[in-house]
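Residue numbers (this note's numbering), protein chains in the order written: chain A, 626 to 1057; chain B, 626 to 1057.
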């Protein structure tokens, strides 16, 4: 039992999430303190935007625009970092650790890029880092994966971990809507940002996948290791064909143990419509973890938003505060114990959906089949749609049996070069 | 860092789960030891059935029929209790704690009935108790609820936590099968025991719900507090009507914050067919937790079986072993901090499904409607099915708006007394 009467929190960032955290810490101070066993209180909150002094609703004296008021205050025990990004946030994070402050963060970019360095620095300074909020918002996943599933060898993770893209693909599917319109709607509703690239290109999902894969495989896996393809090439036709074939299309973040190496990839995926993952709609997230003992376990809930993310952050703060109060040493440990190779995307084996626009003339399918056959890609089914009379073209959809990505890419190149093939509409991997 | 070179495990019980645990500890000794940081080894395993010496596949010298070989061995640090029940297991559990051994268990009966006493004894003896496997098999739920959602006020838990009953209701729904046949099939496939009462009467689900509710509401809630109704009254007709009305029927374990008190109940429930819970089929489990910050979070997976349960047990063993190795004090703490009243079932408010067999004569519905109206129960919809010509009876199904249980029970009694009402087929609560 420590003899501290107060445990003080400093908050870096008063955006949507920071405001949720600040209000929860202030409004529930009594309740949270009871759970800790001594007073837990927000002391200072930083934002460079002074208008947030009033909009955040915290008492005026708690607001500061000077990070050192938090980082240099020996009275602050726990720093919550919700600035985001890896510039200022990274510097503040490291400084907080060096000043022997525990850090709780929701910053997936920072954790995915610098986890090993930050953990080393925390260990050196005898403090804890917690980042449950960095993946899946209010869904417990970091801690369950790290602790409750630790007896398993993880076989695979299939995750819907970006709410913006899941909102967009859900609407494209349900309303037969094209990408640009669905994106615009999502922006109007505040589910997508003005510059949506980070979400729709799969970058945000890749940050989160890097964190999950690092924990699951105990090997340092960064965003740069992840093959990443966004949702902007999807058309309403892809969703229509998917439905006909019994699939949903989701942006999946996939990590898979592959003998001595690991597959890590983010891309639109066909998933069988009867699975739970195929039915995760709108801004919801779901993370499916397959362990060799436990089988498939799914964690589902709101993957973003102020209050769900606040749930994860304040729970992390509480756990650290309880340890401080009890005088217990920090638990942060290096989580990587091996170095796993990353399987290049060209070497993965998958089933594929291919959509092509062709001249509506005899013999075209024979030519395409020949190319696929030459590359040892065998066809599971073909749908040929009625021709468009005006343009004299037709659309065909091919589902393949499992094939190697490199072979499929070569076959697609050769197919594209046939004069009667007008366009390769899309190529989407099937995840079973 | 402790200077122990070995951490030894003693195993009580070599049934299906014990065998899974024993084999995992033996076969993965190197891997698990690497994770702990020192040798983690199974030392002795107890079973009163000597045939299990060979069937379990553990080395002969590890087998014993004498519990003291484990409980009195100062060299054993962690005891895994998978005997089940609350007689021998309870004595051994307490003795292990008194002998300052950490205990990991899958025993929901014991934990739900004696949690406070066991935690007090563990605290007194400076050891840990872990029981992740007691609810949801391989699904992490105890620890996430206790730790990762701790910042929330829990509003409700809706859980499918008994695989046997979920297997039975899934088959009744899918194959239009009657209860007795579905039960027999489940028994033949090993999904139901020869004496199935514990599962089909909802007792097993009530044990698990007591554990979850105790953690969620930080108040001591035992199995005796839980209103409990099994699935044996369900008929294939109920499933047919449910489908027509847009619902699935599941045995739900429900805990709900209700002002200053708590509702805890296990009963068959109508749930809207489009929800994820309605689509949890077969032996799978799902626990939906609604927190005031995080919203609804769902944990899904295999709720029973040797390997999933082994996953939870061995993960718990690993976490304790890591603490022993690092010389850290135990973390077990009392989890109850308040005493919440239990709402009597008569006071709950719910929508209801009622199925009745009536004489096929004019005016019957008017009589029933009058009784319901007298008790302030308003009708949302009525389905009257074509009459059975031979018996001159018809079946009607009534869906009510929200009504108080006590009023509904009185109305049902009065309805049953009308001469033209032949039988109250079923009364099932709707959970939205």
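We treat Cβ as the ideally placed atom computed from N, Cα and C, and that holds for glycine.
Every value quoted in this text rests on a predicted model; they were computed, and no experiment measured them.
>> Beta-carbon within less than 6 Å of residue 1022 (chain B)'s beta-carbon, same chain only, minus the 5 sequence neighbours each way: which residues are those?
In response: Position 397 of the second chain, counted from the first residue, corresponds to residue 1022 (chain B). Counting only Cβ-Cβ distances below 6 Å, and skipping sequence neighbours, we find 866, 980 and 1008.
> Given 8 Å as the limit, is there contact between the stretch 788 to 804 of chain A and the stretch 875 to 895 of chain A, that is, 3 or more CB pairs closer than that?
Replying inline: With the cut-off at 8 Å, the stretch 788 to 804 of chain A and the stretch 875 to 895 of chain A touch.
> Which residue comes first and which comes last in the alpha helix (DSSP H) that contains residue 749 (chain A)?
Replying inline: On the first chain, residue 749 (chain A) is found 124 positions in, with the first residue counted as 1. 733 to 749 is the extent of the alpha helix (DSSP H) around residue 749 (chain A).
> Where do the N-terminal and C-terminal ends of the alpha helix (DSSP H) with residue 936 (chain B) fall, by residue?
Replying inline: Walking along the second chain from the start, residue 936 (chain B) turns up at place 311. Boundaries of the alpha helix (DSSP H) harbouring residue 936 (chain B): 931 to 951, taken from the DSSP string.
>> Excluding the 5 residues flanking residue 853 (chain B) on each side, which residues of the same chain have their C-beta closer than 6 Å to its C-beta?
In response: Indexing the second chain from 1 puts residue 853 (chain B) at position 228. Closer than 6 Å at the Cβ level, and outside the excluded window around residue 853 (chain B), lie 827, 831 and 891.
>> Which of the three DSSP states is assigned to residue 1013 (chain A) in this structure?
In response: In the first chain, the residue the question calls residue 1013 (chain A) occupies position 388. For residue 1013 (chain A), the three-state secondary structure derived from DSSP is strand.
>> Rounded to whole angstroms, what is the Cα-Cα separation between residue 990 (chain B) and residue 1045 (chain B)?
In response: Here the question's residue 990 (chain B) lines up with position 365 in the second chain. Here the question's residue 1045 (chain B) lines up with position 420 in the second chain. Across the structure, residue 990 (chain B) and residue 1045 (chain B) are spaced so that their CA atoms are roughly 10 Å apart.
> At a CB-CB cut-off below 8 Å, which residues of chain B make contact with residue 769 (chain A)?
Replying inline: Along the first chain, read from residue 1 onward, the residue named residue 769 (chain A) stands at position 144. Below the 8 Å Cβ cutoff, chain B contributes 765, 768, 769 and 773 as neighbours of residue 769 (chain A), in chain order.
>> Taking contact to mean 3 or more Cβ pairs, one atom from each stretch, closer than 8 Å, check whether the stretch 744 to 752 of chain B and the stretch 846 to 862 of chain B are in contact.
In response: At 8 Å Cβ cutoff, the stretches do not touch.
> Between residue 873 (chain B) and chain A, is there a C-beta pair that is closer than 8 Å?
Replying inline: The count along the second chain starts at 1 and reaches residue 873 (chain B) at position 248. No, residue 873 (chain B) lies away from the interface with chain A (no Cβ there is under 8 Å from its Cβ).
> Are three or more beta carbon pairs between the stretch 671 to 680 of chain B and the stretch 945 to 958 of chain B nearer than 8 Å?
Replying inline: The stretch 945 to 958 of chain B and the stretch 671 to 680 of chain B do not touch, with fewer than three beta-carbon pairs separated by less than 8 Å.
> Between the beta-carbon of residue 926 (chain A) and the beta-carbon of residue 919 (chain B), is there less than 8 Å?
Replying inline: As a working mapping, residue 926 (chain A) is identified with position 301 in the first chain. As a working mapping, residue 919 (chain B) is identified with position 294 in the second chain. Contact flag set, yes.
> Which residues, in chain order, does the stretch 923 to 934 of chain B contribute to contact with chain A at a C-beta distance below 7 Å?
Replying inline: Residues of the stretch 923 to 934 of chain B with a Cβ closer than 7 Å to any Cβ of chain A, in chain order: 923, 924, 925, 926, 927, 932 and 933.
>> Quick check: is the beta carbon of residue 921 (chain A) nearer than 8 Å to any beta carbon in chain B?
In response: Within the first chain, the letter at position 296 stands for residue 921 (chain A). Residue 921 (chain A) counts as touching chain B.
> Of all the options A:728, A:776 and A:707, which has the alpha carbon lying nearest to the alpha carbon of residue 841 (chain A)?
Replying inline: The residue given as residue 841 (chain A) occupies position 216 in the first chain. If we check each option's Cα against that of residue 841 (chain A), A:776 comes out closest.
> Does DSSP put residue 633 (chain B) in a helix, a strand or coil?
Replying inline: The count along the second chain starts at 1 and reaches residue 633 (chain B) at position 8. Three-state result, residue 633 (chain B): strand.
> For the stretch 938 to 959 of chain B, which residues have a CB atom closer than 7 Å to at least one CB atom of chain A, in sequence order?
Replying inline: Listed by position, the residues of the stretch 938 to 959 of chain B near chain A (Cβ gap below 7 Å) are 939, 940, 943, 944, 953 and 954.
> Just reading off the alpha helix (DSSP H) that residue 801 (chain B) is part of, what are its end residues?
Replying inline: The residue labelled residue 801 (chain B) in the question sits at position 176 within the second chain. In the DSSP assignment, residue 801 (chain B) falls outside any alpha helix (DSSP H) and carries neither an H nor an E.
>> Let's see if you can read the secondary structure: which residues bound the alpha helix (DSSP H) around residue 1068 (chain B)?
In response: Absent from the model: residue 1068 (chain B). The displayed extent of chain B is 626 to 1057, so no value can be given.
>> Please report the straight-line C-alpha distance between residue 944 (chain B) and residue 774 (chain A), rounded to a whole angstrom.
In response: Within the second chain, residue 944 (chain B) is the residue found at index 319, counting from 1. Within the first chain, residue 774 (chain A) is the residue found at index 149, counting from 1. Take the alpha-carbon of residue 944 (chain B) and the one of residue 774 (chain A): they are about 11 Å apart.
>> Only counting the same chain, and skipping five residues up and downstream in sequence, which positions put a Cβ closer than 7 Å to that of residue 646 (chain B)?
In response: Locating residue 646 (chain B) in the second chain gives position 21, where the first residue counts as 1. Excluding its 5 nearest sequence neighbours in each direction, residue 646 (chain B) has C-beta neighbours in its own chain below 7 Å: 636, 705, 707, 935, 938 and 939, listed in chain order.
> Going along chain B, which residues have a C-beta under 7 Å from residue 916 (chain A)?
Replying inline: By one-based count along the first chain, residue 916 (chain A) stands at place 291. Below the 7 Å Cβ cutoff, chain B contributes 936 as neighbours of residue 916 (chain A), in chain order.
> Which partner residues of residue 727 (chain A) appear in the DSSP bridge assignment?
Replying inline: Locating residue 727 (chain A) in the first chain gives position 102, counting from the first residue. For residue 727 (chain A), which the question treats as bridged, DSSP gives the partners A:703.
> Can you tell me where the alpha helix (DSSP H) with residue 862 (chain A) in it begins and where it stops?
Replying inline: As a working mapping, residue 862 (chain A) is identified with position 237 in the first chain. Element bounds for residue 862 (chain A): 861 to 870.
> According to the neighbour-count rule (16 or more other Cβ atoms, all chains shown, within 10 Å of its Cβ), is residue 833 (chain B) buried or exposed?
Replying inline: Taking the second chain and counting its residues from 1, the one referred to as residue 833 (chain B) is at position 208. Answer is buried; the Cβ neighbour count reaches 16.
> Alpha carbon to alpha carbon, what distance is there between residue 697 (chain B) and residue 718 (chain B)?
Replying inline: Here the question's residue 718 (chain B) lines up with position 93 in the second chain. Here the question's residue 697 (chain B) lines up with position 72 in the second chain. Residue 718 (chain B) and residue 697 (chain B): Cα-Cα distance of roughly 12 Å.
> Going by DSSP, what residues sit across from residue 1046 (chain B) in a beta bridge?
Replying inline: Start at 1 with the first residue of the second chain, and residue 1046 (chain B) comes out as number 421. By DSSP's assignment, residue 1046 (chain B) forms a beta bridge with B:983.
> Going by DSSP, what residues sit across from residue 890 (chain B) in a beta bridge?
Replying inline: Sequence index remark: in the second chain, residue 890 (chain B) carries index 265 (1-based). Beta-bridge analysis with DSSP links residue 890 (chain B) to B:852 and B:879.
> Can the beta-carbon of residue 909 (chain B) be found closer than 8 Å to that of residue 930 (chain B)?
Replying inline: The residue labelled residue 909 (chain B) in the question sits at position 284 within the second chain. The residue labelled residue 930 (chain B) in the question sits at position 305 within the second chain. With respect to residue 930 (chain B), residue 909 (chain B) sits apart: the two C-beta atoms are not nearer than 8 Å.
> Hey, quick one: how far does the alpha helix (DSSP H) through residue 642 (chain B) stretch, first residue to last?
Replying inline: Your numbering for residue 642 (chain B) matches position 17 in the second chain. Segment 641 to 652, the alpha helix (DSSP H) holding residue 642 (chain B).
> Nearest to residue 898 (chain A) by CA position, among A:871, A:924 and A:917, is which residue?
Replying inline: The residue you call residue 898 (chain A) lines up with position 273 of the first chain. Cα-wise, what sits closest to residue 898 (chain A) is A:871.
> residue 885 (chain B): buried (16+ other C-beta within 10 angstroms of its C-beta) or exposed?
Replying inline: For this step, residue 885 (chain B) is matched to residue 260 along the second chain. Exposed is the call here.
>> What are the residues in the stretch 646 to 668 of chain B lying within 9 Å of chain A by C-beta distance?
In response: Against chain A - using a Cβ distance shorter than 9 Å - the residues of the stretch 646 to 668 of chain B are 649, 653, 656, 657, 659 and 660.
> Nearest CA to the CA of residue 1028 (chain A): which residue from A:971, A:1050, A:985 and A:869?
Replying inline: The residue you call residue 1028 (chain A) lines up with position 403 of the first chain. Selected option, being the one with the closest Cα: A:971.
> If you drop the 5 nearest sequence neighbours on each side, which residues of the same chain put their C-beta closer than 8 Å to that of residue 1010 (chain A)?
Replying inline: Stepping through the first chain from its first residue, residue 1010 (chain A) is reached at position 385. Closer than 8 Å at Cβ, skipping near neighbours: 1019, 1020, 1021 and 1022.
> Candidates A:904, A:631, A:837 and A:745: which alpha carbon is nearest residue 659 (chain A)'s?
Replying inline: Looking up residue 659 (chain A) in the first chain gives position 34. Closest option to residue 659 (chain A), judged by alpha-carbon separation, among A:904, A:631, A:837 and A:745: A:631.
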